[in-house]
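Be aware that the sequence shown starts at 89, since it is given in the numbering used here, and climbs by one per residue.
Virtual Cβ for every residue (Gly too), placed ideally from N, Cα, C.
All remarks here apply to the structure that follows.
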Amino acid sequence: MLENLAALQASYQEKGFVVVRQFYTRGEMSQLRASMLQYCKLYPDYCVPEMSAGKEGKLLFQALDFAERIGFMKSFLESQKLQVHLESLLKEPAHLFIEDFHFKEPGGGAYDPHQDMQSPVIQWVNERYAPSVPIDKLVTMCLAVDEHTIENGCMQVAAGIHKQGGLGPEGGVLEKEIVDSLNFEPIELAAGDALFFDGYCPHGSAVNTSSSSRKALFLFFNPKRCGYQRKMAQDYFLHDKFKLK
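Given below as structure tokens:
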């Protein structure tokens, strides 16, 4: 296992991302899928349309603030396997920063290429709450709850660009000139596969042109030394972005 972790770490440092096949079982993904569907029935205010896309007007939905509301998520997040991988990739212990579940329905939205470390929520937390140690890096896990294919809008990443740090101003998507200069690689995943990527790794996804929903769990982690900033991040998403009371 240590040799595998060393290889993963080396690949992650070089490319800015790494894929771990069958990180979780299909059975665990079935449980997660059912739990998230139930969560959205119980807490509809926390399952909101992120954007409209596609000629049929279908939506991409985000589910937020569920880490403490779904019973098995605690053991899921605290599993030794996940913590060991996070610490290996970050090179230090990690805290959960944001949890985010995407239901990308047929015809549902694309995400323009961006870098997580340049996102408005990082600026929000670092400026509004002024932690003693600002968040200076992230690792994100994209967990495929079902198959992620080119057709249904899988993740696309640009290898090696994380070494350049932030590309352009904070707070938004990458400018077209920058995007056009990058080579984006589609990352197809089977259910249970996990894609880990650096906070400065440019990434995005295309519209779901298939006839099936594409579901994904996104977990964002900051270094433990930067403090537990999850509540502050949720404040941004739930009260500023989605205007929930």
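If you drop the 5 nearest sequence neighbours on each side, which residues of the same chain put their C-beta closer than 7 Å to that of residue i?
{"i": "residue 239", "result": "297 and 298"}
If you run the structure through DSSP and keep just helix, strand and coil, what is residue i?
{"i": "residue 135", "result": "strand"}
{"i": "residue 182", "result": "strand"}
{"i": "residue 128", "result": "helix"}
{"i": "residue 122", "result": "helix"}
{"i": "residue 292", "result": "strand"}
{"i": "residue 187", "result": "strand"}
{"i": "residue 200", "result": "strand"}
{"i": "residue 217", "result": "helix"}
{"i": "residue 313", "result": "helix"}
{"i": "residue 260", "result": "coil"}
{"i": "residue 175", "result": "helix"}
{"i": "residue 114", "result": "helix"}
I'd like the span of the beta strand (DSSP E) that includes residue i, first residue to last.
{"i": "residue 244", "result": "243-246"}
{"i": "residue 272", "result": "272-275"}
Which residues does DSSP pair with residue i in a beta bridge?
{"i": "residue 101", "result": "None; residue 101 has no bridge partner."}
{"i": "residue 302", "result": "192"}
{"i": "residue 108", "result": "282"}
{"i": "residue 228", "result": "285 and 308"}
{"i": "residue 334", "result": "Absent from the structure is residue 334, since the part of the chain shown begins at 89 and ends at 333."}
{"i": "residue 236", "result": "277"}
Distance, Cα to Cα, residue i vs residue j?
{"i": "residue 181", "j": "residue 174", "result": "7 Å"}
{"i": "residue 171", "j": "residue 165", "result": "8 Å"}
{"i": "residue 258", "j": "residue 199", "result": "17 Å"}
{"i": "residue 120", "j": "residue 188", "result": "13 Å"}
{"i": "residue 209", "j": "residue 153", "result": "15 Å"}
{"i": "residue 169", "j": "residue 282", "result": "12 Å"}
{"i": "residue 222", "j": "residue 97", "result": "24 Å"}
{"i": "residue 243", "j": "residue 104", "result": "14 Å"}
{"i": "residue 291", "j": "residue 167", "result": "27 Å"}
{"i": "residue 334", "j": "residue 113", "result": "An answer regarding residue 334 cannot be provided, because it is not within the stretch 89 to 333 covered by the chain."}
{"i": "residue 197", "j": "residue 295", "result": "5 Å"}
{"i": "residue 247", "j": "residue 272", "result": "7 Å"}
{"i": "residue 227", "j": "residue 284", "result": "7 Å"}
Assuming residue i is part of the alpha helix (DSSP H), what are its boundary residues?
{"i": "residue 208", "result": "208-212"}
{"i": "residue 164", "result": "161-165"}
{"i": "residue 320", "result": "318-323"}
Quick one: what's got a C-beta closer than 6 Å to residue i's C-beta in the same chain, skipping five residues either side?
{"i": "residue 93", "result": "176"}
{"i": "residue 123", "result": "158"}
{"i": "residue 206", "result": "254 and 258"}
{"i": "residue 186", "result": "308 and 321"}
Spatial neighbours of residue i within its chain, please: C-beta separation below 8 Å, excluding the five flanking residues on both sides.
{"i": "residue 234", "result": "117, 121, 279, 300, 301, 302 and 303"}
{"i": "residue 249", "result": "104, 255, 270, 288, 289 and 290"}
{"i": "residue 183", "result": "309, 310, 311, 312, 314, 315, 316, 317 and 318"}
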